[in-house]
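Input: a single structure, listed below in structure tokens.
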Amino acid sequence: MTAPSTSDRTEETRGDVTYIRTAKDLPPVAIIDRSPITTKHKIVFAIIAVLGAVAWAIIAFFRGETINAVWFVIAAICTYVIGFRFYARLIEMNIVKPRDDNATPAEIFDNGTDYMPTDRRVLFGHHFAAIAGAGPLVGPVLAMQMGYLPGTIWIIIGAVFAGCVQDFLVLSISTRRRGRSLGQMARDELGAIGGAAAIIGVLAIMVILLAVLALVVVGALAESPWGVFSIAMTIPIALFMGLYLRFLRPGRVSEVSLIGVALLLLAVASGGWVAGTEWGTDWFTLSKVTLSWCIIIYGLAASILPVWLLLAPRDYLSTFMKVGTIALLAIGILLARPIMEAPAISSFAGTGTGPVFAGSLFPFLFITIACGALSGFHALISSGTTPKLLEKESQMRLIGYGGMLTESFVAIMALITAAILNQHLYFTMNAPAAQTGATAQTAAEYVNGLGLSGPPITAQEISSAAESVGEESIVSRTGGAPTLAFGMSEVLHSVFGGASLKAFWYHFAIMFEALFILTTVDAGTRVARFMLSDGLSNLGGPLRKLKDPSWRIGAWICSLLVVAGWGSILIMGVTDPLGGINTLFPLFGIANQLLAAIALTVVTVVVIKKGQLKWAWVPGIPLLWDLVVTLTASWQKIFSADPKLGYWKLHSICSAAQEAGKLCSTAKAPGDVEKIVRNTFIQGSLSILFAVLVVIVFIAGVIVAVRAIRGGGSASTEDEAIPSRIFGPSGLITTKAEKEVQKEWDALPKSAAKSVGTGAH
Amino acid sequence: MGRVAEIGRQIGWYWGSLMGDNHYRRYVDHRRRTHPDEPVLSEREYWRMRHNVTEANPHARCC
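Going line by line, the protein sequences match chains A and B.
Residue numbering for the first sequence follows the working numbering, starting at 65 and increasing by one per position.
Residue numbering for the second sequence follows the working numbering, starting at 1210 and increasing by one per position.
What follows is the structure, given as structure tokens:
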């Protein structure tokens, strides 16, 4: 970055602190604090490091003893603090090199609406609400099949060295490029072919993501009138909120959100009563297929209806619930201090024959955990959305790196809630119906035969567990969400409300997950529609008309195409004789991790192009690890000779069976054989498509990087720096020097340039 | 007592900024400073414009 060319730039150094001004009549806009770490801080960080090491030792090496969940929380938080203070600082100082004397896109294009410098703590909240969703909750629950230890290690270490690094660096390169999106940056950095592959990859991956998230909701709500009723009620509640904000009291967002949450709690509480009545059972007991169609129709409607009517109010509700429930769960775990029931490493980790998802620990554990440790989707938010609100470059560490640490913490809490469940019950809920037989009796026989530790379970115990949460049955409630809800109800009822509230907490948790999955589905459908119409319009000819966003028919057709895309995969999943989650979740994980590979390729190329080859390992190592994991997983899914693992192997077995008029795998009728043949074909083709696209992007990246290393000179794609005229503190806690400068800014008359709406002043 | 009120005000400010209650006030401040001579949208019109912006440029929500 070149220094601002204006002659007004002055630097003044007092002790270890340098103050930079960009205008004579304004206080400093940037502070560079070179104060060495104080002895007090050294001692504090040493204590945190030792405490973290003790917690890790207890988690990893205590065998045959009961381990308290609190140790997981301590190990996670201590590791995060050390990672944030030292590793993120290392990256910041050597790669990112934030320049607070340069204006961010938010300041340059400030319009008081979508571009606006926002207080770092508020933006942290916005960023977290945008990146956190069902992924980090569901992934760790499914990964519990392997035991708690591998999952814990990957969620924490993966976040510190891969996920947070990706989010932080993508945010930094997008901020220096006026907030460009990942797809645009891929095109700029990797050239036309690499860029096109990246854009098609992003769109295809988005579609599979929406399908699998919708599948999780279907798994949680099917045959559960209580759940369906409370989720159905979110639609009229959101519509009411939308109308209230539009016509009655515009701008009273907190007020209407509080009303909405109160109505939501009422809906959850009354759901038990509704499900108990005859008409309630009649109306709201829906099969998986019916429910899928409801979600497809909902998704289409929500993406066509005006934003203010449904999407915006749902978003308020889901932000409110997300932050509130996650805080509640953290408090619940600390107060209840539950004991781990799961083994550290289960027998399925080595054999790869677990019923929840097929494949062994490497690579499928990493694929399954996905979002909690490294999530490619965050790159879509770190580029584009967040830079438009970023006040200062030095705040990117808190928002990018810190935001992902928080998401990793959410994943650890989800892991805890799954690990404290009775293991027989865990597999009862998560094994596909083809194995459990879908009744309490057959499920008990099945899980008792799995060779799990602890006393065997009886059919009676399974039925009473279902009854305790107000459900008819909990057998084969796959998808992770019901298991998480069950674990949450265990934690929360022991702290708040006792056994009588257990069923309420279970349905509260189901509603909370379904609420923000549905918000993701409608927001995601809209975003994918824009990507599709943008991509199609680039093809030229009559399609160019799609460039005009106000052309309603074009928008509707593109929405329909996107919904048809994820809807057909959803229907395929719910009718799959093998149980959709079992076969589709790996595809979701692979898609997400491959998107991370695209993002990390772009970041690594940018780092190399800037001449920072020495530091290319920071994004380069996570990139190579991610590629090894995902391409191994893709390879196994495509070429494995084990029909439980390889899509094409099962496809050929079932095709042969179909021709011979026989049955195959878990098929119970000729129709099932046909479905397996079709589904494995689609899943296998998607696996090939994703892998090929990512390999193209990676090769394009390598070519550009090699050229940059040889030639030394490719033009910087960073936009020209503009001097900043606002100030903002960097970290979560304001330093003494920052406080003094902030006072100078506060003393300015109102008319002077100031960061809009920041601080409670 | 003053300290408690201050902390309460901070929480209220944070929540209002996160959810959007004070976004209109923020917008008015911005317009007054950058375009002091032009009329400012009413709160109702401001939110219509905000939603139109979102309509034209939707934000992704993650998994």
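Idealized CB from N, CA, C, for every residue including glycine.
Using the C-alpha atoms, what's the distance from R1241(B) back to M575(A)?
43 Å
Looking at chain B, is there any beta carbon in it that lies within less than 8 Å of the beta carbon of T177(A)?
Closer than 8 Å to the CB of T177(A) there is at least one CB belonging to chain B.
Residue from T583(A), L648(A), F745(A) whose Cα sits closest to the Cα of F428(A)
Residue L648(A) is the option with its Cα nearest to F428(A).
Quick one: what's got a C-beta closer than 7 Å to A394(A)'s C-beta in the same chain, skipping five residues either side?
M477.
Residues within the segment 583-596 of chain A neighbouring chain B, beta-carbon criterion of under 8 Å
Of all residues in the segment 583-596 of chain A, T583, T584, A587, G588, R590, V591, F594 have a Cβ within less than 8 Å of some Cβ in chain B.
Give me the DSSP bridge partner(s) of N743(A).
N743(A) is not bridged to any residue.
Where does Y212(A) sit, in a helix, a strand or coil, going by DSSP?
helix
Separation of T103(A) from E75(A), as counted between CA atoms
29 Å
In three-state DSSP terms, what is K807(A)?
Three-state result, K807(A): helix.
Do the segment 740-760 of chain A and the segment 132-150 of chain A touch if we need at least three Cβ pairs shorter than 8 Å?
no
In the DSSP assignment, find the unbroken beta strand (DSSP E) run with T450(A) in it and report its ends.
No beta strand (DSSP E) holds T450(A); DSSP gives it neither H nor E.
At the level of alpha carbons, what is the spacing between L812(A) and T1243(B)?
If I take the Cα positions, the gap works out to 16 Å.
Cβ shell of V387(A) (< 6 Å), same chain only, five flanking positions each side left out:
none
Where does the unbroken alpha helix (DSSP H) through E1264(B) begin, and where does it stop?
1252-1265
What residues of chain A sit near E1252(B), judged by a beta carbon separation below 7 Å?
P314, G315
Using 10 angstroms around the beta-carbon of C1272(B), count the other beta-carbons present and answer buried if the total reaches 16, otherwise exposed.
Label assigned to C1272(B): buried.
Determine whether the Cβ of E1247(B) lies closer than 8 Å to any Cβ atom of chain A.
no
Which residues in chain A sit within 7 Å of R1259(B), going by Cβ to Cβ distance?
T177
Taking A333(A) as the reference, which of R316(A), S294(A), R313(A) has the closest Cα?
S294(A)
What is the residue span of the beta strand (DSSP E) that T383(A) lies within?
T383(A) -> not in any beta strand (DSSP E); alpha helix (DSSP H) instead, spanning 375-400.
Between V371(A) and chain B, is there a C-beta pair that is closer than 8 Å?
yes
If I measure Cβ to Cβ from E171(A) and keep anything under 7 Å in the same chain, skipping five residues before and after, which residues do I get?
P181, S788, I790
Residue closest to L695(A), alpha-carbon to alpha-carbon, out of I662(A), H715(A), P683(A), I403(A):
Nearest to L695(A) by C-alpha distance, out of I662(A), H715(A), P683(A), I403(A), is I662(A).
Taking Cβ-Cβ distances below 9 Å as the criterion, which residues of the segment 1226-1241 of chain B are in contact with chain A?
S1226, L1227, M1228, G1229, D1230, N1231, H1232, Y1233, R1234, R1235, Y1236, V1237, D1238, H1239, R1240, R1241
Straight-line gap, S367(A) to V271(A) (C-alpha atoms, nearest Å):
14 Å
Cβ of R1270(B) less than 8 Å from any chain A Cβ?
Yes, R1270(B) counts as interfacial toward chain A.
Figure out for me which residue from A133(A), S623(A), K611(A), K609(A) has the closest Cα to the Cα of A592(A).
S623(A)
Given this structure, state the Cα-to-Cα distance separating T345(A) from M208(A), to the nearest angstrom.
33 Å
Alpha carbon to alpha carbon, what distance is there between R541(A) and T822(A)?
In this prediction, T822(A) scores a pLDDT of 45, lower than 50, which makes its location untrustworthy; the coordinate-derived value is nonetheless stated afterwards. About 46 Å.
What in chain B is Cβ-close to F441(A), meaning under 7 Å?
Within 7 Å Cβ-Cβ: C1271, C1272.
Neighbour flag for V1213(B) against chain A, beta carbons, 8 Å:
no
For the segment 134-181 of chain A, which segments carrying the alpha helix (DSSP H) assignment without a break, of at least 4 residues, lie completely within its bounds, in sequence order?
134-146, 152-155, 169-172
Which two residues bound the contiguous beta strand (DSSP E) that contains E76(A)?
Taken as a continuous stretch (DSSP letters only), the beta strand (DSSP E) holding E76(A) covers 74-78.
Locate the beta strand (DSSP E) running through T668(A), then write down its first and last residues.
Counting along the chain, T668(A) sits inside no beta strand (DSSP E); it lies in the alpha helix (DSSP H) bounded by residues 644-673.
Let me confirm a value: H571(A) is counted as buried when at least 16 other C-beta atoms fall within 10 Å, else exposed. Which label applies?
buried
For the alpha helix (DSSP H) that D346(A) lies in, which residues bound it at each end?
342-348
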